[in-house]
Every structure is written in C-alpha cells, then in structure tokens.
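In this note's numbering, the protein residues as written are 2 to 353.
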C-alpha cells in the first residue's frame with residue numbers, strides 16, 4: 002500500500018488451524034522461507050519452530066524442544082521446566098555460511114547469579130534455505146570475473162581497448178545463476194568518473210529474475226567522448242546472500258578521431274591461406290597498433306553470405322584469425338575486410 006490512510010487489502014496466509022500455537026517471533030530468508038517461533042507460555046504443550054514457504058503456501062515444523070527436558074513426567078531426573086520458548090531468530094548466512102541462523106532459547110527455570118534463568122544461544126542450519134540459495138557468477142569472453150575486480154582485462158571483456166572518439170564497441174557478459182534458488186537482480190547500473198561513455202544496451206526491466214542453473218546475457222557499449230583512459234564500474238545488486246553487491250571495473254581508451262580515409266592497415270599486410278581454401282581459411286596480418294576489424298564473405302555478385310566477425314578487437318603485432326568456411330559451397334567468393342570507413346576486398350576460391 003502506498004497510502005495507508007486510504008486502506009488496502011491484506012491477505013491472511015495462515016488462519017491458525019494449521020497446527021502452530023502462540024507464534025511470537027519470526028524472520029525471513031532471501032528465498033521466501035519464513036521461520037516462526039512459538040511461545041506457548043508455561044503450558045504442557047512442547048514449543049516448536051515452523052517454516053512457512055511463501056511460494057508454495059506450505060507450513061511445516063522444523064524444530065522442537067527436547068521433550069525429556071520440557072514435558073513433565075517424561076523423565077523426572079532430566080526435566081527442567083514446561084515454560085520454554087525460542088526467540089530472536091536472525092539470518093546469519095553472511096557470517097556463518099549458507100543456511101545458518103542464530104536464535105535464543107529461553108528455559109524459564111531459576112538459576113543463581115546474574116543470568117537468573119536458564120537458556121542457550123543456538124545456531125541452526127536450515128537445509129531448505131541452503132538448497133534454495135542463488136549463486137551469482139559473471140563471465141566475459143568465457144572467463145570468470147571475480148567480485149570487486151579492479152583490473153580490467155581484454156581477456157574477460159572488461160577492457161574495451163583503444164577506440165576512436167565517436168566510434169562504438171559492444172561487449173557481452175553472461176550472468177549465471179549456478180544455485181537452485183531464484184536470483185533476483187534489483188539494481189543494474191554503471192557508475193564512476195566516465196560512466197557516461199558506457200551504456201547497458203537493452204537494459205532489462207528490474208527486478209530481473211534468473212532461474213536456478215540459468216543465465217542472462219548483458220551487453221555494454223563503449224563510446225569514448227574524450228582522449229585517454231576511460232574508467233567506470235558495473236554495479237549489480239542481487240539476492241545472492243554473500244555477494245549482494247557484485248561490482249567490477251570496466252575501462253577503455255579514447256583515441257583522436259581521424260578522417261574517413263585514415264587507416265593503419267595496408268593491403269599488403271593481409272595473407273589468406275590456403276588459396277584455394279576448403280573447410281577453414283587462415284587470415285594472417287600484422288598491425289602497428291590496436292584496431293577494430295570486421296569481416297564479410299560475399300558471393301561473386303556481392304551478395305552477403307556470412308559475417309565471421311564484427312568490430313573484433315585485434316592487438317598490435319602479428320595476428321591470426323581462423324575463419325570457418327565449412328558451410329560454404331564450392332565457388333568464388335569475395336572476402337571483405339573493414340576498418341573504420343575503409344574497406345578491402347579479396348577474391349578467393351573454395352574447392353571440394
């Protein structure tokens with residue numbers, strides 16, 4: 002309800018006939034399990050703890066006090082009191098591990114000294130919570146990115162490399178949920194000094210839910226507005242209990258814009274082997290500096306047949322790109338390489 006003064010509708014999920022008695026304290030985990038604690042108040046009834054599952058509308062007992070100590074007549078030598086209760090349960094998974102809770106158990110029998118009455122501080126392991134936890138992992142270029150990573154790298158797509166001002170480059174990251182429970186992404190933002198140079202493409206509506214053992218792709222586009230190193234940070238707030246704010250640094254370099262005819266490439270630098278080719282075509286070339294290159298394969302009439310790569314980042318020095326041509330029919334083809342606004346075309350043949 003946004004305005005309490007005009008009222009609203011509250012749905013009762015428990016009507017009191019399910020078996021629970023005198024519920025006194027509760028907590029909830031990230032997966033929608035509500036832990037309920039009873040305080041029957043000095044009755045012969047043995048106090049228990051219950052779990053209510055929001056998703057399934059199921060309630061079940063998950064713990065009780067030891068009958069020999071808290072039900073009169075079971076064992077006279079072991080009996081303490083019938084006035085027992087558990088209370089104050091809290092989720093401590095971030096401290097003690099998955100599925101762990103901390104609670105107080107009150108046994109209202111007198112003892113000497115300042116404590117006055119019996120009781121214990123207990124840890125409790127709840128397997129339902131443990132097995133329902135999500136687990137976030139993020140990959141770039143099939144490389145695992147660790148949480149709070151501050152060292153951008155071309156290897157895992159966090160370093161976009163050098164790019165001329167006004168030119169865009171997109172890189173894709175994969176958000177994996179390797180746990181069994183639902184992973185909810187509640188915040189997805191790029192922050193930092195140069196955050197404006199990085200954009201999340203087709204940003205999903207939040208909260209975004211990723212099922213257990215499922216994944217979601219995330220594409221970030223870099224478009225430098227100034228010369229020099231550009232730094233930012235991706236922030237993902239989520240329901241992984243010990244990685245609730247997953248962040249990592251991203252970076253790129255802005256280069257001076259040049260004329261449309263400017264290119265660091267020379268036609269003599271490209272070598273295609275073998276020619277004629279069959280299942281694969283090797284492209285060898287040498288660059289004096291970083292470049293973004295695209296490749297198209299056309300038939301002899303100029304019709305686009307295949308795009309092996311688009312705006313792929315290549316390092317300075319010797320490069321080898323292996324192009325899979327197994328799906329091409331035998332015949333003549335035009336291999337087109339594009340760098341900025343400059344295009345190069347080569348005529349090659351495929352044989353059986």
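All C-beta atoms, glycine included, are put in the ideal place defined by N, C-alpha and C.
For residue i, the three-state DSSP class (helix, strand or coil)
i: residue 196; result: helix
i: residue 248; result: strand
i: residue 6; result: helix
i: residue 184; result: strand
i: residue 156; result: helix
i: residue 324; result: strand
i: residue 260; result: For residue 260, the pLDDT reaches just 45, beneath the cut-off of 50, and the residue's location in the model is therefore unreliable, although a value from the coordinates is still provided. Coil at residue 260, not helix or strand.
i: residue 299; result: strand
i: residue 118; result: strand
i: residue 221; result: strand
i: residue 97; result: helix
i: residue 353; result: coil
i: residue 291; result: coil
i: residue 268; result: With a pLDDT of 47 at residue 268, under the threshold of 50, the modelled position of that residue is not reliable, and no figure is offered here.
i: residue 236; result: strand
i: residue 189; result: strand
i: residue 175; result: strand
Cβ neighbours of residue i in the same chain (closer than 7 Å, five flanking residues each side left out)
i: residue 154; result: 160
i: residue 331; result: 351, 352, 353
i: residue 187; result: 207, 208, 238, 239
i: residue 19; result: 60
i: residue 156; result: 142, 144
i: residue 348; result: 333, 335
i: residue 305; result: 297, 299
i: residue 245; result: 238, 239
i: residue 120; result: 105, 106, 107, 108
i: residue 180; result: 134, 135, 136, 213
Straight-line Cα distance separating residue j from residue i
i: residue 146; j: residue 190; result: 17 Å
i: residue 276; j: residue 255; result: 38 Å
i: residue 239; j: residue 217; result: 13 Å
i: residue 229; j: residue 204; result: 27 Å
i: residue 196; j: residue 141; result: 19 Å
i: residue 335; j: residue 326; result: 13 Å
i: residue 328; j: residue 100; result: 51 Å
i: residue 316; j: residue 291; result: 5 Å
i: residue 45; j: residue 108; result: 14 Å
i: residue 346; j: residue 31; result: 57 Å
i: residue 1; j: residue 102; result: The structure shown does not extend to residue 1, since the chain is modelled only from 2 to 353, so the question has no answer here.
i: residue 221; j: residue 133; result: 30 Å
i: residue 272; j: residue 294; result: 15 Å
i: residue 308; j: residue 314; result: 15 Å
i: residue 21; j: residue 185; result: 31 Å
i: residue 72; j: residue 82; result: 7 Å
i: residue 64; j: residue 117; result: 26 Å
i: residue 280; j: residue 322; result: 14 Å
i: residue 124; j: residue 241; result: 21 Å
Other residues of its chain near residue i: CB distance less than 6 Å, five sequence neighbours each side excluded
i: residue 40; result: 23, 25, 86
i: residue 234; result: 192, 193, 248, 250
i: residue 274; result: 283
i: residue 29; result: 35
i: residue 243; result: 95
i: residue 177; result: 138, 216
i: residue 339; result: 295
Residue from the options with nearest C-alpha to residue i
i: residue 296; options: 65, 117, 344, 12; result: 344
i: residue 310; options: 280, 303, 324, 82; result: 324
i: residue 227; options: 115, 31, 199; result: 199
i: residue 143; options: 215, 18, 175, 115; result: 175
i: residue 48; options: 67, 314, 307; result: 67
i: residue 42; options: 122, 84, 5; result: 84
i: residue 202; options: 215, 172, 181; result: 172
i: residue 110; options: 212, 104, 139, 80; result: 80
i: residue 167; options: 71, 224, 97, 98; result: 224
i: residue 70; options: 63, 64, 78; result: 78
i: residue 128; options: 72, 179, 98, 322; result: 98
i: residue 89; options: 312, 37, 135, 62; result: 37
i: residue 252; options: 27, 162, 303; result: 162
The ligand COA heavy atom lying under 7 Å from the CB of residue i
i: residue 293; result: This structure does not include the ligand COA; it has no bound ligands of any sort.
Beta-carbon contacts of residue i that lie in its chain and below 8 Å, excluding the five residues immediately before and after
i: residue 14; result: 53, 55, 58
i: residue 12; result: none
i: residue 278; result: 326, 349, 350, 351, 352
ask   = Can you give, in chain order, each stretch of the alpha helix (DSSP H) that sits fully within the region 8-87 and has at least 4 residues?
value = Runs found: 68-71.
task = Ignoring anything shorter than 4 residues or poking outside the region 120-145, list the alpha helix (DSSP H) runs there in chain order.
result = With a minimum length of 4 residues, the continuous alpha helix (DSSP H) runs that stay inside the region 120-145 are 128-133.
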